[in-house]
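As structure tokens, the structure follows; a few thoughts come after it.
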Amino acid sequence: MINAVGSRMMIEINRQKSLARTISDTQVTISTGKKIQRASDNPVAAARVAVIGRAQANSNAWAINLDTGLSLNSQADTAVTGMADRIALARELVLGGANGTLAQTDRNMIAAQLDGIADELDGLVNRKSANGQPLFATGTALSVRYDENTVFAPVPSQAQVFDAGGISLSQMVRDAATALRSGSAPAIGASITTLDTGVTKTADALGDIGQRGRRLQSLQEAARAHDIDLAAERTNLEATDISEAVAQLTAQTLTLEAAQAAFARINRRTLLDLLS
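The sequence shown maps to residues 1 to 276 in the numbering used here.
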């Protein structure tokens, strides 16, 4: 009889220990806000959370690249807009200088203005980005990765922006200044035609930069939406439902307290039975 009683007592003690561990686990899920503390708690969910975590880490890196790409694109847009304004102004000045009644001294003054515009164009094309690197690469445009499948340059190369038919925008303007100083009507007319090419070149470059910018914005919007989906899925998998967990903790605590009280009463009776 004593052996039977002892066996029942051990079974009950182990059951209460198990209840106590369950209560402790529930308390941890409440305090940490996470219902998965160990992979063994839910192997499938834990594996998925690990996958999501890696995806979120990659997404954070790509988000930085997107921000950098958009910043470079915006800086390029500002620079090329400045180029477009200056090449258009240069064309207008040369048109004015083409007037046959204009004195040569006036043409020389216009030529001096063109020299200044050419210097400004050189400054714009050699502009540095916020990180101190050339904004427009002298060789191949620098490509950046934005996600697993998307790599492209946020900014065109220097040649794509600044050169038309092998002639730079600043050289076009300097050639126009030389034509005005020469007073040669054919040379001045040819320089106007060349500057028309420059106007078209800057317009095309602005369109290209704008297209790259819109693509970057679209990628950023898609990435942010994906990040929200990942965060929601991760929360659903591992976050504790506090109200539900508190209710479980209350029920578990009541169960343990009731078991402990019943255990104490039964053991008192069993001891009296053994002594009688």
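Heads up, the beta-carbon is just placed ideally off N, CA and C, and yes, glycines get one too.
Have a look at threonine 68 and asparagine 108 and give me their C-alpha separation to the nearest angstrom.
Taking the sequence shown and counting its residues from 1, the one referred to as residue 68 is at position 68. Taking the sequence shown and counting its residues from 1, the one referred to as residue 108 is at position 108. Taking the straight line joining both Cα atoms gives about 44 Å.
Could you pull the start and end residues of the alpha helix (DSSP H) that leucine 102 belongs to?
As a first step, residue 102 is located in the sequence shown; it is residue number 102 there, counting from the start. Annotation for leucine 102: no alpha helix (DSSP H) segment contains it, and DSSP assigns it neither H nor E.
Three-state secondary structure assigned by DSSP to valine 151:
Walking along the sequence shown from the start, residue 151 turns up at place 151. Secondary structure at valine 151: strand, using DSSP grouped into helix, strand and coil.
What residues match up with serine 168 in a beta bridge as DSSP calls it?
As a position in the sequence shown, residue 168 is number 168, starting the count at 1. Paired residue(s): Asp163.
Just list the residues that DSSP pairs threonine 94 with in beta bridges.
Walking along the sequence shown from the start, residue 94 turns up at place 94. A small fix is needed here, since residue 94 is valine in this sequence, not threonine. The partner list for valine 94 (beta bridge, DSSP) is empty, contrary to what the question assumes.
Leaving out five residues before and five after leucine 277 in sequence, what residues of the same chain have Cβ atoms less than 7 Å from its Cβ?
Not covered by the structure: residue 277. The range shown for the chain is 1 to 276.
May I have the straight-line CA-CA distance separating glycine 312 from alanine 88, to the nearest angstrom?
This structure gives no information on residue 312, because the portion of the chain shown stretches from 1 to 276.
Can you tell me the Cα-Cα spacing of alanine 176 and glutamine 160, whole angstroms?
For this step, residue 176 is matched to residue 176 along the sequence shown. For this step, residue 160 is matched to residue 160 along the sequence shown. Straight-line Cα distance between these residues: approximately 22 Å.
Alpha-carbon spacing of alanine 137 relative to alanine 164, whole angstroms:
The sequence position of residue 137 within the sequence shown is 137, counting from 1. The sequence position of residue 164 within the sequence shown is 164, counting from 1. Using only the alpha carbons, I get a separation of about 16 Å.
In the DSSP output, what is valine 144 paired with across the bridge?
By one-based count along the sequence shown, residue 144 stands at place 144. Beta-bridge partners of valine 144 (DSSP): Phe152.
Chain-order list of residues whose beta-carbon lies under 8 Å from that of valine 125 (same chain, five-residue window excluded):
Taking the sequence shown and counting its residues from 1, the one referred to as residue 125 is at position 125. So the list reads Ala79, Met83, Phe136, Gln158, Val161, Phe162, Ser168, Leu169 and Ser170, once near-sequence residues are dropped.
Alpha carbon of proline 134 to alpha carbon of alanine 47, nearest angstrom
Numbered from its first residue, the sequence shown carries residue 134 at position 134. Numbered from its first residue, the sequence shown carries residue 47 at position 47. About 44 Å.
Return the CA-CA distance between aspartate 208 and arginine 145, expressed in angstroms with no decimal places.
Translated into positions along the sequence shown, residue 208 becomes position 208. Translated into positions along the sequence shown, residue 145 becomes position 145. Spanning the two alpha carbons is a distance of roughly 19 Å.
So, at 7 Å on beta carbons, what are the nonlocal neighbours of alanine 187 in its own chain, with the 5 sequence-adjacent residues on each side left out?
Indexing the sequence shown from 1 puts residue 187 at position 187. Around alanine 187, the same chain offers Ala179 as residues with beta carbons nearer than 7 Å, after the five sequence neighbours per side are excluded.
Alpha carbon of isoleucine 52 to alpha carbon of alanine 203, nearest angstrom
What you label residue 52 is simply residue 52 of the sequence shown in a count that begins at 1. What you label residue 203 is simply residue 203 of the sequence shown in a count that begins at 1. In a straight line, the C-alpha of isoleucine 52 is about 44 Å away from that of alanine 203.
Taking the C-alpha atoms as reference points, what is the distance between aspartate 85 and alanine 231?
Start at 1 with the first residue of the sequence shown, and residue 85 comes out as number 85. Start at 1 with the first residue of the sequence shown, and residue 231 comes out as number 231. Distance between the alpha carbons of aspartate 85 and alanine 231: 46 Å.
Suppose contacts are defined by Cβ-Cβ distances below 8 Å. Is asparagine 65 in contact with valine 155 by that definition?
Counting from one through the sequence shown, the residue named residue 65 turns up at place 65. Counting from one through the sequence shown, the residue named residue 155 turns up at place 155. Not in contact: asparagine 65 and valine 155 (Cβ atoms no closer than 8 Å).
Which residues bound the alpha helix (DSSP H) around leucine 135?
Counting from one through the sequence shown, the residue named residue 135 turns up at place 135. Run containing leucine 135: none; DSSP gives neither H nor E here.
Verify whether the separation of the beta carbon atoms of alanine 185 and alanine 63 is less than 8 Å.
Position 185 of the sequence shown, counted from the start, is the residue given in the question as residue 185. Position 63 of the sequence shown, counted from the start, is the residue given in the question as residue 63. The criterion of a C-beta distance shorter than 8 Å is not satisfied by alanine 185 and alanine 63.
Taking aspartate 196 as the reference, which of Asp77, Ala57 and Leu95 has the closest Cα?
Here residue 196 refers to the residue found at position 196 when the sequence shown is read from its first residue. Of the candidates Asp77, Ala57 and Leu95, Leu95 places its Cα closest to the Cα of aspartate 196.
Only counting the same chain, and skipping five residues up and downstream in sequence, which positions put a Cβ closer than 6 Å to that of alanine 118?
Within the sequence shown, the letter at position 118 stands for residue 118. Excluding sequence neighbours, alanine 118 sits near Ser170, Val173 and Arg174.
To which residues of the same chain is alanine 205 closer than 6 Å at the C-beta, ignoring the five residues directly before and after it?
Along the sequence shown, one-based indexing puts residue 205 at 205. These residues qualify, in order along the chain: Val80 and Val161.
Sequence-distant residues of the same chain with beta carbon closer than 6 Å to alanine 190, five excluded per side:
Within the sequence shown, numbered from 1, the residue matching residue 190 stands at position 190. Excluding sequence neighbours, alanine 190 sits near nothing in its chain.
Span of the alpha helix (DSSP H), counted from its first residue to its last, around asparagine 236:
Start at 1 with the first residue of the sequence shown, and residue 236 comes out as number 236. Here the alpha helix (DSSP H) through asparagine 236 covers 185-238.
Spatial distance of threonine 150 from alanine 55 (CA atoms)
Here residue 150 refers to the residue found at position 150 when the sequence shown is read from its first residue. Here residue 55 refers to the residue found at position 55 when the sequence shown is read from its first residue. Straight-line Cα distance between these residues: approximately 16 Å.
If you draw a straight line from the C-alpha of threonine 101 to the C-alpha of glycine 183, how long is it?
By 1-based counting over the sequence shown, the position of residue 101 is 101. By 1-based counting over the sequence shown, the position of residue 183 is 183. Rounded to whole angstroms, threonine 101 to glycine 183 spans 11 Å at the Cα level.
Cβ-Cβ separation, glycine 213 to leucine 70 (assumed contact under 8 Å), whole Å:
Within the sequence shown, the letter at position 70 stands for residue 70. Within the sequence shown, the letter at position 213 stands for residue 213. With a Cβ gap of about 7 Å, leucine 70 and glycine 213 count as contacting.
Close-in-space but distant-in-sequence residues of the same chain around valine 199 (CB under 8 Å, 5 per side omitted):
Mapped onto the sequence shown, residue 199 falls at position 199. Cβ neighbours of valine 199 beyond the five flanking positions: Ala84, Ile87, Ala88 and Arg91.
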